[in-house]
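S.K.:
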Amino acid sequence: MVASNSSAKLSLVTTRVKNVLLVQMPLRLTVIEAVEFRELFKTLVADSTITKIILDWGQTTIIDSSGVGAMISSLKLAQTKKIELVLWSVNQQVQLAFSLVGLDILLNIENHTEPTTPTLNRKSEKRPPLTHPSVRSPIKRGIDIVGAILGLGVTGLLFVPIAIAIKLDSPGPILFSQMRCGWMGRKFRIWKFRSMVTNAEALKATIPNQAAGAFFKNDHDPRITRVGRFLRKTSLDEFPQFWNILIGDMSLIGTRPPTPDELEQYEINNWQRLDVKPGLSGEWQVNGRSKIRNFEDVIKLDLRYQDNWSLLYDLKLILKTIVVVFNKDSGAV
Numbered sequence: 048m049v050a051s052n053s054s055a056k057l058s059l060v061t062t063r064v065k066n067v068l069l070v071q072m073p074l075r076l077t078v079i080e081a082v083e084f085r086e087l088f089k090t091l092v093a094d095s096t097i098t099k100i101i102l103d104w105g106q107t108t109i110i111d112s113s114g115v116g117a118m119i120s121s122l123k124l125a126q127t128k129k130i131e132l133v134l135w136s137v138n139q140q141v142q143l144a145f146s147l148v149g150l151d152i153l154l155n156i157e158n159h160t161e162p163t164t165p166t167l168n169r170k171s172e173k174r175p176p177l178t179h180p181s182v183r184s185p186i187k188r189g190i191d192i193v194g195a196i197l198g199l200g201v202t203g204l205l206f207v208p209i210a211i212a213i214k215l216d217s218p219g220p221i222l223f224s225q226m227r228c229g230w231m232g233r234k235f236r237i238w239k240f241r242s243m244v245t246n247a248e249a250l251k252a253t254i255p256n257q258a259a260g261a262f263f264k265n266d267h268d269p270r271i272t273r274v275g276r277f278l279r280k281t282s283l284d285e286f287p288q289f290w291n292i293l294i295g296d297m298s299l300i301g302t303r304p305p306t307p308d309e310l311e312q313y314e315i316n317n318w319q320r321l322d323v324k325p326g327l328s329g330e331w332q333v334n335g336r337s338k339i340r341n342f343e344d345v346i347k348l349d350l351r352y353q354d355n356w357s358l359l360y361d362l363k364l365i366l367k368t369i370v371v372v373f374n375k376d377s378g379a380v
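Residues in the sequence shown are numbered consecutively from 48, following this note's numbering.
1) Would you say Val78 faces chain B, with C-beta separation under 8 Å as the test?
2) Give the secondary structure of Ser224 by DSSP, where H, G and I count as helix, E and B as strand, and everything else as coil.
3) State yes or no: is the C-beta of Thr306 within less than 8 Å of the C-beta of Arg227?
4) When the Cα atoms are used, what is the spatial distance from Lys239 to Gln288?
5) Comparing C-alpha positions only, which one of Trp230, Ala210 and Lys99 sits nearest to Leu124?
6) Where does the unbroken beta strand (DSSP E) through Trp135 begin, and where does it stop?
7) Contact defined as beta carbons within less than 8 Å: I believe Leu102 pairs with Met72. What is the distance between those atoms, to the nearest angstrom?
8) Entirely within the segment 276-339 and at least 3 residues each: give me those beta strand (DSSP E) ranges in chain order.
9) I need the straight-line Cα distance from Leu350 to Lys65, nearest angstrom please.
10) Are the segment 272-289 and the segment 237-251 in contact at 8 Å, needing three or more beta carbon pairs?
11) Do you know offhand how far Asn265's Cα is from Trp135's?
12) Kindly list the residues whose CB is nearer than 6 Å to the CB of Asp361, restricted to its own chain and excluding five residues on each side of it in sequence; keep chain order.
13) Are the beta-carbon atoms belonging to Thr77 and Ser121 less than 8 Å from one another?
14) With a threshold of 16 other CB atoms inside 10 Å of the CB of Val207, please say whether the residue is buried or exposed.
15) Pairs of beta-carbons, one from the segment 308-321 and one from the segment 261-278, closer than 8 Å: are there three or more?
16) Should Asn246 be labelled buried (16 or more other beta-carbon atoms within 10 Å of its own) or exposed?
17) Which of the three DSSP states is assigned to Ile101 in this structure?
18) Output the boundary residues of the alpha helix (DSSP H) element that contains Ile271.
19) Just how far apart, CA to CA, sit Gly219 and Ser282?
20) Based on the DSSP secondary-structure assignment, which residues constitute the bridge partners of Arg236?
21) By a C-beta neighbour count over all protein chains shown, 10 Å radius and 16 as the cutoff for buried, is Pro304 buried or exposed?
22) I think Ser298 touches Lys367, with their Cβ atoms under 8 Å apart; what is that distance to the nearest whole Å?
23) Could you check which residue in Ala117, Val370 and Arg75 has the C-alpha nearest to that of Ile315?
24) Using 10 angstroms around the beta-carbon of Asn138, count the other beta-carbons present and answer buried if the total reaches 16, otherwise exposed.
25) State the beta-bridge partners of Arg75 as determined by DSSP.
26) For the beta strand (DSSP E) that Thr61 lies in, which residues bound it at each end?
27) Can you tell me whether Thr96 is buried or exposed, with buried defined as 16 or more other CB within 10 angstroms of its CB?
28) Quick one, are the C-beta atoms of Leu293 and Ile196 less than 8 Å apart?
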């Protein structure tokens, strides 16, 4: 017996054969479609008689970070319900987006399958996933490289006195590294001058979070050392991130890179933040970062940056960042 139905919002067609459900994915999976798909997928896996879901990507040509987030969420839902999830007809653009976060390994992708519906001749097969124009701008990348080289030069001059101060104040390494999530959710290792005690991560669970939502903030965090407070006050702790900028993990201006734990808490629409590269500075950093307590406010500022982005806008934010560094109310997050 074959049954079919459709979703008016997404124009999805689902076809059931016994305990197997075939779902035709939409032409694009960006934030609007991703949110709706996530809700639809919840209803599909709620059927206890379904043992296998096949997602046919034959028509899909565009996916962004929200689409990637929707797939991560859907995979977890399917695993929770012990439903086998299989992907058909995944083109190179979509597969590239999956590979950035390791989804191409986690997902069961059957490569030698044909789409169940006719598709147009796609010339965009080898293009990168749909993302913000700032990521594709060679001029912005050039500015990042020049800025990173200059920044690393300054970091080199300051390294010895900062290293001595850190060592005298708190035994342990000079640098601190942590896994963060960047463009499209791709993980990378971020570098900073160490501003906390060496067991800071282990103590985090004992520190109350004064922020609401998917990020951590405490004005009087006892894990921060005396030298660390000075480094954060002056933003000197961030200077090693010029290396992250030079190798392309980050940009001079962008969004705050979340930790994997924070990303786990994201709603699908929050993934929009990851359509641009993370930045050493950005909208939220120059608009009262020490006073922001609600993650939704961070989202609004990040989306404002994406809407207003231009090379001139980046330069304005760079100048504002310099002013904020010398402002007594500045502080790291």
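Virtual Cβ for every residue (Gly too), placed ideally from N, Cα, C.
M.R.: On the basis of the data shown:
1) Checking the listed chains, one finds no chain B in this structure; it contains a single protein chain.
2) Your numbering for residue 224 matches position 177 in the sequence shown. Collapsing the DSSP output to three states places Ser224 in a strand.
3) Here residue 306 refers to the residue found at position 259 of the sequence shown. Here residue 227 refers to the residue found at position 180 of the sequence shown. It is a contact, given that the beta carbons lie within the stated cut-off.
4) On the sequence shown, residue 239 is found 192 positions in, with the first residue counted as 1. On the sequence shown, residue 288 is found 241 positions in, with the first residue counted as 1. Using only the alpha carbons, I get a separation of about 6 Å.
5) Here the question's residue 124 lines up with position 77 in the sequence shown. Nearest to Leu124 by alpha-carbon distance, out of Trp230, Ala210 and Lys99, is Lys99.
6) Taking the sequence shown and counting its residues from 1, one reaches residue 135 at position 88. Per DSSP, Trp135 belongs to the beta strand (DSSP E) from Glu131 to Trp135.
7) Sequence index remark: in the sequence shown, residue 102 carries index 55 (1-based). Sequence index remark: in the sequence shown, residue 72 carries index 25 (1-based). The C-beta distance from Leu102 to Met72 rounds to 6 Å, short enough to fall under 8 Å.
8) Within the segment 276-339, the complete beta strand (DSSP E) segments at least 3 residues long are 298-300 and 326-328, listed from N- to C-terminus.
9) On the sequence shown, residue 350 is found 303 positions in, with the first residue counted as 1. On the sequence shown, residue 65 is found 18 positions in, with the first residue counted as 1. Between Leu350 and Lys65, the C-alpha separation is close to 44 Å.
10) Flag = yes, the segment 272-289 and the segment 237-251 touch.
11) As a position in the sequence shown, residue 265 is number 218, starting the count at 1. As a position in the sequence shown, residue 135 is number 88, starting the count at 1. Each residue's alpha carbon lies about 46 Å from the other.
12) As a working mapping, residue 361 is identified with position 314 in the sequence shown. Non-local C-beta neighbours of Asp361 in its own chain, meaning closer than 6 Å and more than five positions away in sequence, comprise Ile300, ordered along the chain.
13) Here residue 77 is taken as the residue at index 30 of the sequence shown, counted from 1. Here residue 121 is taken as the residue at index 74 of the sequence shown, counted from 1. The answer is no: Cβ separation not under 8 Å.
14) On the sequence shown, position 160 is the one that residue 207 refers to. The residue in question, Val207, is exposed, as its Cβ has fewer than 16 Cβ neighbours within 10 Å.
15) These segments touch.
16) Taking the sequence shown and counting its residues from 1, the one referred to as residue 246 is at position 199. Flag for Asn246 reads exposed.
17) On the sequence shown, residue 101 is found 54 positions in, with the first residue counted as 1. DSSP places Ile101 in strand when its eight states are reduced to three.
18) Within the sequence shown, residue 271 is the residue found at index 224, counting from 1. It is not in any alpha helix (DSSP H) - Ile271 carries neither H nor E in the DSSP assignment.
19) Residue 219 sits at position 172 when you count from the first residue of the sequence shown. Residue 282 sits at position 235 when you count from the first residue of the sequence shown. C-alpha separation (whole angstroms): 20 Å.
20) In the sequence shown, residue 236 corresponds to position 189, counting from 1. When DSSP reads this structure, Arg236 sits in a beta bridge with Met226.
21) Along the sequence shown, one-based indexing puts residue 304 at 257. With 16 or more neighbouring CB atoms inside 10 Å of its own CB, Pro304 falls in the buried class.
22) For the purposes of this step, residue 298 is taken as residue 251 along the sequence shown, with counting starting at 1. For the purposes of this step, residue 367 is taken as residue 320 along the sequence shown, with counting starting at 1. Ser298 to Lys367, Cβ: 15 Å. No contact.
23) Taking the sequence shown and counting its residues from 1, one reaches residue 315 at position 268. Answer by Cα proximity: Ala117.
24) By one-based count along the sequence shown, residue 138 stands at place 91. Label assigned to Asn138: buried.
25) Position 28 of the sequence shown holds residue 75. Answer is Ile109, bridged to Arg75.
26) To locate residue 61, count along the sequence shown from 1; it is residue 14. Going by DSSP, Thr61 is part of the beta strand (DSSP E) stretching over Leu59 to Val64.
27) For the purposes of this step, residue 96 is identified with residue 49 of the sequence shown, where counting begins at 1. Result: exposed.
28) On the sequence shown, position 246 is the one that residue 293 refers to. On the sequence shown, position 149 is the one that residue 196 refers to. Yes, the Cβ-Cβ distance between Leu293 and Ile196 is below 8 Å.
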